[in-house]
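The structure appears below as structure tokens.
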Amino acid sequence: MISVSRSSASAIAMAGPAVVATLMIVTFSSLELLGHTAFAVGPFRNVAEAAGMGAASEVLRLLGNGEDPTRVLPIRGEIISSSVRQATALEAAIWSRRRELVELLDRRGAIVDAPTRQHLACLAADLDALDIVEFLSPGRAPGCEHGRALDLVLERTRKLP
Amino acid sequence: MTLEGVGLPGPERSRGQTRGLWRWLSYAYGALVAAGIGYFLWDVPVQVSDSYGNIVTASQGTLGSLVSSEFHQRAYLRPFLWGLIRVVLDLSRGHYFEWFRGWHIAQIAVLIVLFLRLVRPSTWSGAAAVPIGLAALIGMHTFAGTVEEAFPINTFMTVLICAFAAADLAVSPPRLWKDIAAALLFVFAALTVESGLLVAVVFVAAYLFGAHGVSRAGIGVQVALVAAYFVLRFGILHVGSPGLEERQSGFGFSSLSPGDLVARFGANPLPFYAYNVVSSWLTVFLSEPRGGTWGFTRDLLHGEPSPAAFVNVIASMLGSFVLGLYAWRRRSDWLARRFNRADQLVLLFIVVAAANAVLSYGYTKDVILSPAGAFFAVALAVASQHFLESIGHMPSRQAAAAIAMLAVLSTAWSFRAIGAHLGLRASAATLRGEWAYVDLWLERKSQVPTDPFALALKRRLEDDAVRRHPLRPMLAGEWTQWFPE
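Chains as they are written, first to last, in our numbering: chain A, 1 to 161; chain G, 1001 to 1485.
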């Protein structure tokens, strides 16, 4: 009897954790196929959230779906910060600190005018994203009032109810 | 019903049915594992680097001209890799993602079937060892490179299948057709990627350990083919082998750039080669060093080892302990040259690990050691089964400790297996990012395509990666740091 319970216990100790892991993976996959991804951030609710997470492929896809990268959109607190919950995709891209993403948006015509470029360069300077500052304002200082661009973005969240 | 009850000696028919039951349970479990990893693999787009350009190259000329031109490359001799890419490309008729990724998933399924054929679970203890073996197969750090990247067909995965098929042929009853199949398998594997040479090692080692599925004449053909390979590569085609200047390499607690390597070992590379061989061998047993770098040891000395690396090392050390214990218990039979099937599989692993490490002399990288890692999983499964069966004969305290160790071993490998899936998810996100930036990347490399096929291919693959199979929600949280990717 002891031998039987011992062999059962040892078989369970050896196979159990691995079987549980496999069942977790299969369950996770099945749930995802049904539209629910466990333990995940997302899916992104808009192009600003995708940009904030640096998810370039999602940014492209959502732009293709007609989303506007210059529009101020709601962003969940866990994407950038609880103090940044209202931003454009361009601003969020700067928070992701991915210069290539800013360049990608620029190539797609998202930076529509000089004031927008100036605002973004100043925001990048406030966030110490110096490679993005160099991309947006190559070879010269953008001429910003320190902290003003950042404050402008943070102010939107402060105004939220 | 107890586990023993199912396996109790009884009428032959009943015993056969019981064996069948455990075997089918094991195959059903293998199907679940294959489905799980297949699902995550289906999320990985065809990559830009190492795949887009390769597909464009493979599309040029005829299949024959493509394969024959690859016999005249420098440093690498991989004509069948290119032939296989071309065949799948032609079969795809424009459905590149579906065919290349579908091929990859089919390879995983074949690999798992071959794994189960090798460990042949026919008792309760054999079936109980299957989950830990498959967790080791998928979770081994040397396995990640066989699924997280492709060229766009992962040649390392192809070689894993060839090596397992070779072992399967070798440990089964002898037949004349197996000699022919063995020769064809070697030629295909060796001309796909250099680590395919291990197929011959598997056949020869298995024969020496009493597995005569391939005859003595067949083994003679294998030896002759290996000799012919070296004559062809170095004497006739002058392909040569990669030099120190090819890539950076781990050394000690950090990595050296190609320039550093040449400066340090250019005059006498033998110490560097010896370091690579020893590092490659150790990583299979300990998960350390990785790519020649002793990262876990360095972080441990600094008091900041990552939880994932800790899990890796614990899993490998306990697994190696079970293997060592098996070897110790079987030593008298081995010295008397009495080998059962489990012995043959464990000894095959030991030989493949050594040969694989030697093949890695030029530079060490996890994925190059994937054959050794895969045979580690097979050996772990059979050694764990043996260990499990021995617990019944242990004193109570020793048995309790053994059961606790098995639980830790299985849990650690389960973490690694889950980590392999997380690695695929992370890889899928990274590769999608590459497609988003593909134009920037091609411009920087001065490789902007102008050829109509290359342009259409780029558009199609980008569309596959960004729009048709979009990024899935990203997994996040502190918990992920415990799972080695």
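Just so you know, even glycine gets a beta-carbon here, dropped at the ideal spot from N, CA and C.
Residue of the options minimising C-alpha distance to residue i
| i | options | result |
| --- | --- | --- |
| G:ALA1354 | G:PHE1339, G:ARG1337, G:TRP1334, G:PHE1376 | G:PHE1376 |
| G:GLU1149 | G:ILE1112, G:ILE1105, G:ALA1135 | G:ILE1105 |
| A:ALA38 | G:THR1450, G:GLU1389, G:LEU1422, G:ALA1227 | G:LEU1422 |
| G:VAL1367 | G:GLY1220, G:PRO1131, G:PRO1305, G:GLY1139 | G:GLY1139 |
| G:LEU1197 | G:VAL1466, G:ALA1436, G:ALA1034, G:ARG1233 | G:ARG1233 |
| A:ALA56 | G:ALA1420, G:ARG1093, G:ALA1429, G:GLU1443 | G:ALA1429 |
| G:ILE1236 | G:ALA1465, G:ASP1343, G:PHE1071, G:SER1370 | G:PHE1071 |
| G:ALA1031 | A:GLU32, A:ILE25, A:GLU103, A:LEU34 | A:ILE25 |
| G:THR1057 | G:ALA1075, G:VAL1033, G:ALA1035, G:ARG1086 | G:ARG1086 |
| G:THR1293 | G:LEU1256, G:ALA1190, G:ILE1314 | G:LEU1256 |
| G:VAL1187 | G:SER1427, G:ALA1200, G:TRP1334, G:ARG1175 | G:ALA1200 |
| G:ALA1129 | G:GLU1389, G:PHE1272, G:ARG1397 | G:GLU1389 |
| G:ARG1467 | A:PRO17, A:GLU58, A:THR27, A:ALA48 | A:GLU58 |
| G:ALA1028 | G:LEU1282, G:TRP1042, G:LEU1134 | G:LEU1134 |
| G:ALA1136 | G:VAL1382, G:PHE1040, G:SER1249 | G:VAL1382 |
| G:TYR1039 | G:PHE1253, G:ARG1472, G:ARG1216 | G:ARG1472 |
| G:GLU979 | G:HIS1238, G:VAL1231, G:VAL1262 | The shown model of chain G, from 1001 to 1485, leaves out residue 979 of chain G, and the question about it has no answer. |
| A:SER83 | A:LEU105, A:GLU155, A:SER5 | A:GLU155 |
Contacts that residue i makes with chain G (C-beta to C-beta distance below 8 Å)
| i | result |
| --- | --- |
| A:ALA56 | ARG1432, GLY1433, ALA1436, TYR1437 |
| A:GLY35 | The premise fails here: A:GLY35 is roughly 10 Å from chain G at the closest Cβ pair, so nothing lies under 8 Å. |
| A:ASP90 | According to the sequence shown, residue 90 of chain A is Leu rather than Asp. Those within 8 Å of A:LEU90 in chain G number zero; the least Cβ separation is about 16 Å. |
Assumed close pair residue i, residue j - CB separation to whole angstroms, cut-off 8 Å
| i | j | result |
| --- | --- | --- |
| A:HIS119 | A:ALA149 | 6 Å |
| A:LEU62 | A:ILE94 | Actually they do not touch by this definition, with Cβ atoms about 17 Å apart. |
| G:VAL1351 | G:ALA1327 | Actually they are not in contact, since the Cβ atoms of G:VAL1351 and G:ALA1327 sit about 13 Å apart, beyond 8 Å. |
| G:TRP1099 | G:LEU1091 | 6 Å |
| G:THR1364 | G:ASN1268 | With a Cβ gap of about 18 Å, G:THR1364 and G:ASN1268 do not count as contacting. |
| A:LEU52 | A:ALA92 | Sequence inspection shows Gly at residue 52 of chain A; the Leu mentioned does not correspond to that position. Yes, A:GLY52 and A:ALA92 are in contact; Cβ-Cβ is about 4 Å, under 8 Å. |
| G:LEU1406 | A:ALA13 | 4 Å |
| G:LEU1461 | G:TRP1435 | 7 Å |
| G:LEU1111 | G:PHE1164 | 6 Å |
| A:VAL41 | G:ALA1476 | 5 Å |
| G:SER1215 | G:ASP1179 | 5 Å |
| G:ILE1132 | A:ALA21 | Not really, about 10 Å apart at Cβ, beyond 8 Å. |
| G:SER1280 | G:ALA1181 | Not confirmed; about 29 Å, so no contact. |
| G:SER1360 | G:THR1146 | Incorrect: roughly 15 Å between the Cβ atoms, too far for contact. |
| G:LEU1185 | G:ALA1166 | 6 Å |
| A:ALA121 | A:PRO142 | 4 Å |
Chain A contact residues for residue i, given Cβ-Cβ distances below 7 Å
| i | result |
| --- | --- |
| G:TYR1039 | SER29 |
| G:VAL1033 | THR22 |
| G:TRP1124 | ALA11 |
| G:HIS1421 | ILE25 |
| G:ALA1128 | ALA11, MET14, ALA15 |
| G:PRO1473 | THR37, ALA40, VAL41, GLY42, PRO43 |
| G:ALA1190 | Residues of chain A passing the Cβ test: none, with the nearest at roughly 34 Å. |
| G:GLY1036 | THR22, ILE25, VAL26, SER29 |
| G:GLY1477 | PHE39 |
Interface residues of chain G facing residue i [CB-CB closer than 9 Å]
| i | result |
| --- | --- |
| A:GLY52 | Here the premise fails: no neighbours, minimum Cβ distance about 12 Å. |
| A:GLU32 | TYR1039, ARG1472, PRO1473 |
Contacts that residue i makes with chain G (C-beta to C-beta distance below 7 Å)
| i | result |
| --- | --- |
| A:LEU60 | ALA1436, VAL1466 |
| A:ARG6 | ILE1391, GLY1392, ALA1399 |
| A:GLY109 | Here the premise fails: no neighbours, minimum Cβ distance about 14 Å. |
| A:PHE135 | Going along chain G, no residue has its Cβ under 7 Å from A:PHE135, so there is no contact; the nearest lies around 12 Å. |
| A:GLY64 | ARG1467 |
Where residue i meets chain A, residues with beta-carbon distance less than 8 Å
| i | result |
| --- | --- |
| G:ALA1407 | ALA13, MET14, GLY16, PRO17 |
| G:ILE1418 | ALA21, MET24, ILE25 |
| G:ILE1132 | MET14, ALA15, ALA18 |
| G:LEU1137 | None at all; the shortest Cβ gap to chain A is about 11 Å. |
| G:ILE1403 | ARG6, ALA9, SER10, ALA13 |
| G:PRO1470 | SER57, GLU58, ARG61 |
| G:SER1410 | ALA13, MET14, ALA15, GLY16, PRO17, ALA18 |
Neighbouring residues, chain A, relative to residue i (Cβ below 9 Å)
| i | result |
| --- | --- |
| G:TRP1413 | PRO17, ALA18, ALA21 |
Proximity test, residue i beta-carbon vs the ligand ZN heavy atom, cut-off 7 Å
| i | result |
| --- | --- |
| G:PHE1234 | Questions concerning the ligand ZN fall outside what the structure shown contains, since it holds no ligand whatsoever. |
Under 9 Å by beta carbon: chain D residues contacting residue i
| i | result |
| --- | --- |
| A:LEU104 | Among the protein chains in the structure shown, which are A and G, there is no chain D. |
Would you call the region 1115–1133 of chain G in contact with the region 1014–1029 of chain G, where contact means no fewer than 3 C-beta pairs closer than 8 Å? yes
Complete alpha helix (DSSP H) runs within the region 1430–1458 of chain G (minimum length 4 residues, chain order): 1438–1444
Three or more beta-carbon pairs under 8 Å between the region 1309–1329 of chain G and the region 1151–1163 of chain G, yes or no? no
Validate contact between the region 1209–1227 of chain G and the region 1333–1345 of chain G using beta carbons, cut 8 Å, 3 pairs: yes
Unbroken stretches of the beta strand (DSSP E), 3 residues or longer, contained in the region 1323–1383 of chain G: none
Cβ pair count under 8 Å reaching 3, the region 1279–1298 of chain G against the region 1312–1331 of chain G: yes
Run through the region 61–149 of chain A for me and flag every whole alpha helix (DSSP H) of 4 or more residues, listed as ranges in chain order. 89–95, 99–107, 114–126, 130–136
Any contact of the region 1399–1416 of chain G with the region 66–78 of chain A, i.e. 3+ C-beta pairs under 8 Å? no
Counting Cβ pairs closer than 8 Å, one from the region 98–106 of chain A and one from the region 71–87 of chain A, do we hit at least three? no
Taking only runs of the alpha helix (DSSP H) that begin and end inside the region 1073–1132 of chain G, which ones reach a length of at least 4 residues, in chain order? 1079–1092, 1096–1119
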